[in-house]
Amino acid sequence: MKLRPESRHTRLSLTVFAVLETLAIAVAVAAGLGISSAATSGPAPGTVQLREVVLDGEHLAVLIAPGRPGINLIHVGTDGDMSVGRALTAMTPLTEYPAAGGRWALIWLSPGPGTMWFQRGPSRASFPIDTGAATAHPGGQAQTLSGLSGPDAPECASAALGAVLTTRGTVLTGCPTDQLADIDAIALSKLAGFLARRGTPIALIGDSSARSVAAGELVRRQLGAQGLSVLPEPQPGHPVLITAGWAAAKSTIDRIATGSLPALGTYLAPWLLTAPVLANASGAILPLPFDPHASTAQAYRNVLRHLNDIPPSASGYRAFMAAASSQPSTAVRLYAVSRVTIFPNGHDHTTGDGWMPGGTTTPVTPTL
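Positions 848 to 1215 (the working numbering) are the ones given, in order, by the sequence shown.
This is how it looks when you write it as structure tokens:
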């Protein structure tokens, strides 16, 4: 999450949180979200942390989730080698994650106040952190959110970031892969109805997460009620519906794009709307219960423009809206995504619609 160069002079006098809070309030008020202002002091102990660290004059935003005692996911907007830790004698290298930008690390944070250290070559920087008391949070000190320790951790981080952009003191108690959200069930049900009307058997590709298992059951049940079968594996001449998480979905999409996996049409679960996952998904179709071009969606995207390593995502936008106490829409349309170009130095926001840098999301049906 590197800060945009044109905003760096602001960071000399304000923290990342203060800047983002100002931006979030401004765009949210314009979009009618009614987000209230909060104090610009540091994050409350035991909550998701969005902080800033400066190394060699470079301002980097740091996301720490859940920000309480136990295993935490750390994201830093850097393309180079860096390590992070609670002590200089116990540093953990940051690594890449599938379907995500920047560098990541899983580290254990002990209870209470301390110092978070960052090191890149001979350069070091730090900021104070307070994870709070172990007994003050759900599950106690040993709790580990499963969604933060697997390949789909970036989606959980994106949701945490979406929430913390609008609400200080965000307490993260779960991840999107933990269950099939009602709004996603509605979107998938609408998509299944659309596919049933086409009358062509489909292949369903999911994973072992609770969300994907529930999504698969829903799709199979609805298609079966219409007399439409689900193929045991992808076959030439038949479409594919992907309900896996980000990492597995990206791998599947890439295989379809190279022709190593047969598919006549690719359909995706709504939570797969994020640029890194869709880099090779030109022409893929998603059922979305929101318009990526609407004012509220653009408000969310515009805040993220000042953090140019994490792109917007459907899960992050939902968390952004939920934190603003905004009711989700149940109107679902199918959107097609164009090919996305991912630039090596970050995400290009000069072309496309912001959600799909270098490409677009285009509605292809009326409300289903």
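Glycine residues also receive a C-beta, built at the ideal position from the N, C-alpha and C atoms.
Predicted model, so just to flag it, every value in this text is computed and none were measured.
- The distance from the Cβ of glutamate 899 to that of alanine 912 is about 16 angstroms, inconsistent with a contact at the 8 angstroms cut-off.
- Between the alpha carbons of alanine 972 and valine 1179 lies a gap of roughly 46 angstroms.
- The continuous beta strand (DSSP E) containing tryptophan 955 extends over residues 950-956.
- Residue range 1142-1151 is occupied by the alpha helix (DSSP H) that includes asparagine 1149.
- DSSP assignment within the stretch 1053-1138 yields the following whole beta strand (DSSP E) runs of 3 residues or more, N-terminal first: 1087-1089, 1113-1115 and 1132-1135.
- By the criterion of a C-beta distance shorter than 7 angstroms, alanine 1091 is surrounded in its chain by Ile1052, Gly1053, Asp1054, Ser1059 and Thr1099, once the five residues flanking it on both sides are discounted.
- One thing to note: alanine 1104 has its Cβ no nearer than 9 angstroms to the Cβ of histidine 1085.
- Membership of serine 1036 in the alpha helix (DSSP H) is indicated by the continuous run 1029-1045.
- Around alanine 1094, the same chain offers Pro945, Ala946, Pro998 and Asp999 as residues with beta carbons nearer than 7 angstroms, after the five sequence neighbours per side are excluded.
- Within 10 angstroms of the beta-carbon of serine 930 lie 16 or more other beta-carbons, which makes it buried.
- For isoleucine 1157, the closest of Leu1181, Thr894 and Val1124 by C-alpha to C-alpha distance is Val1124.
- Nearest in C-alpha terms to valine 1087, of all of Gly994, Ala1061 and Leu1133, is Leu1133.
- Judged by their CB atoms, glycine 994 and threonine 1014 are not nearer to each other than the 9 angstroms cut-off.
- With a cut-off of 8 angstroms on Cβ pairs, the stretch 1038-1051 is in contact with the stretch 1068-1081, counting three or more such pairs.
- One thing to note: tryptophan 955 has its Cβ no nearer than 9 angstroms to the Cβ of proline 1001.
- Boundaries for proline 975: no alpha helix (DSSP H) harbours it, while the beta strand (DSSP E) harbouring it runs 970-977, taken from the DSSP string.
- The Cβ atoms of leucine 1065 and leucine 1027 lie closer than 9 angstroms to each other.
- In the DSSP assignment, alanine 912 falls within the beta strand (DSSP E) that extends over 905-912.
- By alpha-carbon distance to alanine 1170, the top candidate from Val1011, Leu935, Leu941 and Ile918 is Val1011.
- With contacts defined as CB atoms closer than 9 angstroms, glycine 893 and leucine 1008 fail to qualify as a contacting pair.
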